[in-house]
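Chemist: Letter 251 of the sequence shown, counting from 1, is numbered 565 in the working numbering, and no numbers are missing.
Structure below; questions to follow.
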Amino acid sequence: MRKFIACLGLIALLPLVPMPGAGEARADEVNLYSYRQPFLIKPMLDEFTKRTGIRVNTVFAKKGVLEKIKATPGAADAVLTSDVGRLNDMSEAGVLLPVKSEILAKNIPVQYRHPDGLWFGLTMRARILFVSKNRVKQGEAASYEDLTKPGLRGRICIRSGKHVYNISLIASIIAHKGEAASRTWLEGVKANLARKPGGNDRAQAKAIYSGQCDIGIGNTYYMGKMQTNRKKRAQRKWAASIHLVFPNQAGRGAHVNISGAAIIRGARNRANAVKLIEFLSGDFAQKFYADQNFEYPVKPGVPVSPLVKSWGDFKADTISLAAVAKHRRAASKLVDLVDFNNFTKSSKN
Ligand code: FE
């Protein structure tokens with residue numbers, strides 16, 4: 315068991331229930347791998363069990379789920395991820411089972427699910443601009459394209475270009491504008507960096523607060539996490555120093571990503587796993603799931619939390635995330651090609 319835990323980069327031991335060995339499938343359970351953290355999903359899974367009598371055995375992981383699925387087919391029925399990239403990797407690896415469900419088709423807009431039912435988005439977030447309240451004029455940066463403007467030289471900070479969130483953003487630009495234009499864009503952003511790409515999304519807000527840069531790129535929910543952080547009160551100051559700019563509102567809309575779910579090929583409790591994903595796409599879970607992490611429900615008509623609402627409404631890019639995901643590999647190559655992560659002060663001129 316210990317070895318199994320280590321190889322999955324497990325983040326929580328307490329809520330873990332060991333999965334049954336081969337041949338121990340039970341009619342009243344479903345086995346789940348989750349990249350999403352216990353605080354986000356445990357109460358929903360408990361509610362699912364209360365309503366259906368189906369027990370959910372969950373293994374929480376930070377990495378390595380695809381490898382685990384390949385090594386032990388049938389050990390788990392479904393997987394929850396925190397971004398579309400991992401779902402895409404799994405569908406390309408051929409380890410997912412297509413699902414046809416009228417409930418999922420009704421609850422989840424077509425751009426947030428795989429065309430063949432290989433994966434389904436459950437919450438949505440936008441990748442937007444964190445902008446200094448004091449040092450950036452209104453309209454100075456209103457689009458992803460604006461980030462290459464000469465006036466922003468030395469003023470942008472961002473996490474690694476190789477991070478899944480940035481790969482998705484770059485893939486969306488390739489989907490809209492092609493590889494050549496995307497390369498020019500990425501070179502333009504690199505030329506405007508204030509420092510070497512690094513840290514997480516919140517670290518970019520911190521850098522703006524401390525004056526290292528004026529504009530960062532981050533996911534919307536990190537604003538909520540900073541604004542409400544009880545343990546790390548400094549993060550409230552970082553959040554107070556920025557405001558959110560939803561890019562490309564006059565055009566295609568802000569790039570969005572999803573957290574989602576999929577059924578694993580070889581699932582022994584397939585029907586239960588489908589029921590679970592359907593439950594997660596319904597009104598109760600949608601509201602709870604999105605609220606817990608300051609995300610947006612994918613199901614139309616489900617309200618966002620008051621804090622998320624305070625950031626204002628925005629127009630989301632409606633391009634299919636499956637179409638965007640096709641360009642992830644090309645996006646990763648572009649990051650290498652322009653040597654994006656090797657920015658140094660001297661390469662800024
Ligand atoms: Fe995140």
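Note that beta-carbon positions come from the ideal geometry of N, C-alpha and C, so glycine has one too.
Keep in mind that this is a model prediction, so the values were computed, not measured.
Output yes or no for whether 8 angstroms exceeds the beta carbon distance between residue 359 and residue 592.
Modeler: No; because the gap between Cβ atoms is not below 8 angstroms, this pair is not in contact.
Chemist: Residue 648 by DSSP, collapsed to three states: which one?
Modeler: Helix, per DSSP.
Chemist: At 4 residues or longer, and completely inside the region 498–534: list those alpha helix (DSSP H) runs for me, N to C.
Modeler: With a minimum length of 4 residues, the continuous alpha helix (DSSP H) runs that stay inside the region 498–534 are 515–523.
Chemist: Between the region 372–389 and the region 616–625, can you find at least three pairs of beta-carbon atoms closer than 8 angstroms?
Modeler: The answer is no - the region 372–389 does not touch the region 616–625, with fewer than three Cβ pairs under 8 angstroms.
Chemist: As a quick exercise: from 531, 495, 459, pick the residue whose alpha carbon is nearest that of residue 480.
Modeler: Comparing Cα-Cα distances from residue 480 to each of 531, 495, 459, the minimum goes to 531.
Chemist: Report the three-state DSSP secondary structure of residue 347 (helix, strand or coil).
Modeler: Of the three classes helix, strand and coil, the one that applies to residue 347 here is strand, per DSSP.
Chemist: Tell me the DSSP bridge mates of residue 443?
Modeler: Beta-bridge pairing links residue 443 to 531, 559.
Chemist: Residue range of the beta strand (DSSP E) that residue 390 falls in?
Modeler: Run containing residue 390: none; DSSP gives neither H nor E here.
Chemist: Does DSSP classify residue 352 as helix, strand or coil?
Modeler: Residue state, collapsed to three classes: helix.
Chemist: List the endpoints of the continuous alpha helix (DSSP H) containing residue 421.
Modeler: From DSSP, the alpha helix (DSSP H) with residue 421 extends over 416–421.
Chemist: If we call anything under 8 angstroms between Cβ atoms a contact, is residue 514 one with residue 473?
Modeler: Yes.
Chemist: Examine the Cβ distances between the region 385–395 and the region 581–595 and report whether three or more of them are shorter than 8 angstroms.
Modeler: With a cut-off of 8 angstroms, the region 581–595 and the region 385–395 count as touching, because enough Cβ pairs lie within range.
Chemist: Please report how far the alpha carbon of residue 548 lies from the alpha carbon of residue 529, in whole angstroms.
Modeler: Each residue's Cα considered, the two are about 19 angstroms apart.
Chemist: Quick one: grab the DSSP three-state call for residue 436.
Modeler: If DSSP states are grouped into helix, strand and coil, residue 436 belongs with the strands.
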